[in-house]
Structure formats: structure tokens, C-alpha cells
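For reference, the structure discussed in these notes is given below.
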Amino acid sequence: MQQVDCLGQSIQVTEGQTCLQILSQALSGKKFKQTVACLCNGRLLDLKAMVPPECDQIEPVFLHSEQGLEILRHSAAHVMAEAVKKLFPTAKVTIGPAIENGFYYDFDFERSFTPEDLEHIERVMSESIEADLPFERQVLSRDQARKFFSRINEAYKLELLDEMEDDQVSIYSHDEFTDLCRGPHLPSTGHIQAFKLTSVAGAYWRGDENRPMLQRIYGTAFADSKALKSYLAHLEEARKRDHRRLGPQLDLFSFSDEVGPGMPIFHPNGALVRTILEDFETKEHLRRGYQLVRGPQLLRRELWQKSGHYQNYGHNMYFSEIDEQVYGLKPMNCVAHMIIYKSSLRSYRDLPIRYFELGTVHRHEKSGVLHGLLRVRQFTQDDAHIICRPEQLQDEITGIIRFVQDVMNLFGFEFEVELSTRPEKSIGSDQDWDRSTTALHQALDSMDMPYSINAGDGAFYGPKIDVKLKDALDRTWQCATIQCDFTLPQHFDLSYIGSDGEKHRPVMVHRTILGAIERFMGVLIEHYAGALPTWMAPVQAVLVTVTEAHNDFAVQCAQELQQAGIRVQTDLRNEKLGFKVREAQLSKIPYILVIGDHEVQEQRVNIRFRSGKQVGAKSIAETVAMIQTDCQEPFNRGGMRYSFTN
RNA sequence: GCCGGCGUAGCUCAGUUGGUAGAGCAGCUGAUUCGUAAUCAGCAGGUCGUCCGUUCAAGUCGGAUCGCCGGCUCCA
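Under our numbering, the first residue of the first sequence carries the number 386, and numbering increases by one thereafter.
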């Protein structure tokens, strides 16, 4: 006799009983309505599935749970596919998974779907949901399935079937629509209470740009309309934080058609923020034993051929011919660093050598990938190359990870870490790959850093660790990267004299901490919604006068604050106080210092934060101390020894 | 690069079935001298992204091109 544990109750299963029957016994009626699937010993199953013989534990999956939402969204994708097939019978179905916050389905159709099409599709979907049609699962042999999909003329499904290894496959049907699908699904279409089709896009079949482009429809679905509304409102809020909107608004940077795509222009405020970041980085690198170096922008083509970049990435480089010589604008900084290393004979005692450069590079990125400051054609990397003995590799990598961690903590970023292993198209010996991949693993493990593995996504010359940050819309962007490289030392014949008096080959690590200054600024702006922490704010304080009678004192205060190293502005315009406060606050200036009759009399300023909070009157000396403490605070919190100075 | 959408004043946008361009904010000038998110009035501002075409007539229709946006692919 089979016994299962369900929500703390032990229930006897008689033969042929479904999970639905067990759960309805264990659950009170109300909660049961919210149950859309079940977990049998951790495996997701339909409610209508028979209790598996080996199962001894069943848990309900509620619609509101993460797994419940995934099932909801996947089912919504099926309902959408059904609607598309009803409206456009010639469309061929391909795949349609649930994704974070929604779902999509790709169709092969002779034209793109229009916004009007989406409305029609939504209407037909609503009809299907209204009819509350059950999802039915059926298990077929691969052969039967092949016959079925061939009869209904769904070539893409046949291709998917050919790739499957199982002898048996499952199909799901509701109404007249049937799809090859692992499941599980909702009990019926009526459980889809809140959905919306959001956009159309082109997408390559199987993600391969050499295969046909399909028509993708994106949608989203939530457990109830309140959750859907709040998600859509969240999206709207996120759009307000978009650095492409905030950048020009705060007069940080802009793009110009006249200049060219992917070439950001930094205005005074933005250039100042940049300089503050770069200055911080320079000091922080010096403190951690890096040496500052600087290479040229243009280097002979032969050098790029030697490094291998010409062969691998030449199509993305900018070239120029000068005095009958071809020069390439550098797409990375390592080549000059190699030359510096080679400029003298190196001893094992010299290693590790850590060359750091805020190196400006040019890469001709495809036009379609450009994205504000996050993907540009000219950018400055906080780039370093560490040349070390093989046995030093792991310590060096650990040091870099600690560096990344410190900096991310300073800014309060949450980040994802990925380790990418050897790709198909790669060079180097198995031994080199194994040794360096192991060093990366061990460095991450030794620091208890959680990470995922991206198999086959390493650089062609070595494995790497990438650190990814999210933008306002939760899209991830690679920032820090740590890349092992054993081919460049070979191409440039790098060596050091070991303790045995013999020449040895060093290993090399390419790494960035922020990634690119431009990208990092973009992510920072979105992270702080434009309200940069005081130590980075281009203008830290603005003196706002009530009337022109107070201007003299304001100018005097400004001079004192400036003397103390604070970035201060005055707003002496003949405008109402409310108007000036509003503008200062919209400019996200951390300290708004109001001066009226009281303040002039007491020789004080009245402090208001950009949050709207009013602090009260303080002397200039007190104000300076307050702002300086504020600047120092993130560094104390981040546990960094770097101290804020101007 | 590929698929789709969009380009009107510095910014945000309106502009009906083709009939010759409009608002708010910002700017300038003047008035107002004011206590914590928008004082009032006046003025000025546009080859409707660019180039071809259709038409008596194009911001509006068609084509090309440049750019931006959403995806896909890519990211040394």
C-alpha cells in the first residue's frame, strides 16, 4: 500500500489515484483553488497526473509561487499559439517558453505581426480563457508524434522531435490546439486571469543567425490583475530611471547624430563624474600593487597580426593608413603592455607584474547592439594585465575577486558571477586550459563566491570569470571580467628568469573591475536613479537665496565651501524659493543650502536634502564637516581603506 | 548585421480623410523681492531627420538613406 506525505498529513494512495485527488484531500477548499500543479518528490507534475508509484511526498504548487507563475506563463503561451493558429492558419508554431516575468512564442509566418494583430490575438485568447478549456496531456511514441505533427504540417516540431532522445514524448492539447510539450500545464485555460501581449520581435530559429528569422510575440501573465498592473507600473517606473533619459536630463552626457552612433559626449557634469571614478580607480589600483602604464591609440597592423586579434577580430577594428603604413586603432590594451614587459629582462622576483591602464579603445560594434552608454563604440576600460608565474595564478585571481567585491560593495551592487569554460573555437593545450580553469574555480570556491558555469563561453584564448550587473529593466551587463591567457605570452615570447637560471613562460591575466567607465556610469546612474552618492555627485551643494538681498552672504558661503574642497554652486536668480528648491531637487544635488534673513543674521545655512528632508540651520564649518562625513561614509561601510579626498 | 516600430521647436508632445505648423516647459525681455517641488506678462524659436518620387498641393502617401527604440545574434 502506497503512503504519501502531503502537507504534513500521511495519506493512503489507492491505485489509479491522481495527484489532484490526494491534494484535494489534504487541502481546504479555498487554498485548493489556487493549486495549479504539484511536486512529487520534487518533480513537477500536472494535477491530473497519476501519483507515481515511487512517490512518497506530494506538495501543491500554488499559482502565486514562482513555479506556479512559470506554469501559468507557459500555459498562456499555448493559449496564445492557439489564438495565432486560429487567426493565421498558415503560421507555423515553433517554441514558446515561459521566461522571467512573462513568456513568448515564436512563429514562422509570412509577415510580421502588427499591434492590431496583437489586439485580435488577445481577444481570441480571452475567448479561450472564458471557455475554461482543460489542458489534456497525452503520451505518444516518438513515431506516433512524428506522424501527428507531419499530418498537421508542423515542420519545426518534427525538427525538435528528431533532436529528442526519449522514446516517448508528451503532447498537450486544449480545444483544437496541440503542442509538443514537456509540461506541466494549468488544469484549464480559465486559470489565466491576467495576461497582456507586450511586443513583437524578430528572432532566429534556434538562436542561429544563419537560420530563418521567426516572428516572436512577447507577453506577460500574472496570478491576478492587481499583480499584472503593479508589474506594468514597475516597468514604467524603471523607464524613468533609464540612464539614456537621466543622462541628458542631468546634463551628464549626450549623443549626437553629427558625431556618430556609439560615441558618447561627456558634458561638464558627466566628465566630472567620470574623472571622480577614474581618480578613485587609479588610487585604488596603486594601493593594490598595480603600476600605471599607458599605450598609444594607433599601433602597426603587424602587431595586431602577431597578437592574433587581426585574424579574429579584424573586421571589428578601425584602420588607418599613414605614410604607406597601416595602423589599427586599438580595440584592447594588452598589446602595448606586452611590449612594456618585454622592454627588459624579467626575474622571477619581479613577478607578479600588474600593469594598469585606463585605456580608451575602439570597437566597431554592430549597429543594432548599441545601447546608450551600456554598449558603445569608443570606451575606456579600467584594464589591467597581470603577468605572473603559474603558481601565482590562483592568488592573483583571488586578489582580483576581492577587488571586485570591495568595489561592488562600495556602490551597493548585487552582482552575478559566471565562470566560462573552453569554447569549441579555441587555441591552446588541454593542460593549459585545465590548469587555468581549475585556478578560477579554486579562487571562487576559496572565497565562497556563488557562481554559475557558462560551459563553452570562454574567450578563444582562455577561460574567464565575468561579473554581471543589472540595469533598471533587469537586463544584465558584463562589467568586471577576469580572463586567463596563455597564448599571448607565447605569441610575444614573454619570459622570466627563474631561480634555476632558466627562461620560463609566465601566464597572463586580463582583467577589468568596472569593465568600461561608460558602461559602469550607465549602470550607476540607473542604480541610483540619478541621485549619485555625495562623493560622486558633480555638484554636491547648491546655495539658494530667498531674495537678492541674501546674495552677498551666499557668495561668501560658496567661497568657504569651495575652499574646503566641496563642489558647490549658487542659485542667485530672482526666482521664488520654491522654484529654486524644485530645480535643485530635480538636479539631484545632495545638499540644498537655503539662505534668508535668519541665516544671514546668524551666519548659518539652512540644510535640506534632495530627499526633501529638512535638517535645520548649521554654520559653514558644521556644513563642511557634514558633507565630508557623508563623502567618507560609503568607504567606511565598504571596508575600504581608500579615503575620500578631493 | 537581422526583424519590427518611431524621427514635428533645446525638451515633452498635438497636428483630423493630403490644403502650406501648434501647446506646455526651457530660452530671452520686462514686472515682481518672495521662506523649502513650478510668480505674472510679452517676445522669439521649426527646410516637420535627410534625399528622391507621386500630386495643382506632402509633416501627412511611396521609395531610399541616416539615426533612435524594442527584440534576435554578437561582445576579444
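No residue lacks a Cβ here, since even glycine has one placed at the ideal position from N, Cα and C. Being a predicted model, the structure only gives us computed values, none of them experimental.
Per DSSP, which residues does residue i bridge with? Please list them.
i: residue 869; result: 894
i: residue 484; result: 487
i: residue 397; result: 388
i: residue 407; result: Per DSSP, none; premise fails for residue 407.
i: residue 991; result: 979 and 1002
i: residue 425; result: 428 and 443
i: residue 839; result: 805
i: residue 582; result: 604
i: residue 420; result: 447
i: residue 744; result: 766
i: residue 547; result: According to DSSP, residue 547 bridges with nothing at all.
i: residue 458; result: None; residue 458 has no bridge partner.
Taking residue i as the reference, give the member of the options with the closest Cα.
i: residue 904; options: 408, 546 and 647; result: 647
i: residue 850; options: 820, 810 and 896; result: 896
i: residue 979; options: 1012, 510, 585 and 938; result: 938
i: residue 479; options: 463, 472 and 944; result: 463
i: residue 969; options: 634, 452 and 501; result: 634
i: residue 718; options: 935, 768, 727 and 875; result: 768
i: residue 807; options: 825, 797, 801 and 790; result: 825
i: residue 389; options: 427, 829 and 443; result: 443
i: residue 841; options: 804, 954, 901 and 821; result: 804
i: residue 929; options: 985, 916 and 1014; result: 985
i: residue 875; options: 795, 952, 836 and 772; result: 772
i: residue 586; options: 493, 421 and 967; result: 493
Run the CB neighbour count on residue i, radius 10 Å, all protein chains shown included, and call it buried at 16 or more, exposed below.
i: residue 721; result: buried
i: residue 785; result: buried
i: residue 973; result: buried
i: residue 644; result: exposed
i: residue 730; result: exposed
i: residue 1030; result: The predicted model places residue 1030 with a pLDDT of 48, which falls under 50 and marks its position as unreliable; any figure quoted below should be read in that light. When all chains shown are included, residue 1030 counts as exposed.
i: residue 833; result: exposed
i: residue 386; result: exposed
i: residue 709; result: exposed
i: residue 549; result: exposed
i: residue 559; result: buried
i: residue 817; result: buried
i: residue 399; result: exposed
i: residue 436; result: buried
i: residue 596; result: exposed
Inspect the beta-carbon positions of residue i and residue j and report whether they are closer than 7 Å.
i: residue 404; j: residue 432; result: yes
i: residue 430; j: residue 569; result: yes
i: residue 870; j: residue 893; result: yes
i: residue 620; j: residue 573; result: no
i: residue 530; j: residue 545; result: no
i: residue 949; j: residue 990; result: no
i: residue 1019; j: residue 923; result: no
i: residue 778; j: residue 862; result: no
i: residue 514; j: residue 577; result: yes
i: residue 556; j: residue 543; result: no
i: residue 716; j: residue 739; result: no
i: residue 604; j: residue 487; result: yes
i: residue 883; j: residue 733; result: yes
i: residue 802; j: residue 852; result: yes
i: residue 714; j: residue 766; result: no
Can you tell me whether DSSP reads residue i as helix, strand or coil?
i: residue 712; result: strand
i: residue 1030; result: Since pLDDT at residue 1030 reaches only 48, below the 50 mark, its modelled position is unreliable, and no value is offered.
i: residue 789; result: helix
i: residue 756; result: strand
i: residue 799; result: coil
i: residue 577; result: coil
i: residue 889; result: strand
i: residue 739; result: strand
i: residue 522; result: strand
i: residue 380; result: This structure gives no information on residue 380, because the portion of the chain shown stretches from 386 to 1031.
i: residue 402; result: coil
i: residue 536; result: helix
i: residue 471; result: helix
i: residue 916; result: coil
i: residue 479; result: coil
i: residue 859; result: coil
i: residue 902; result: helix
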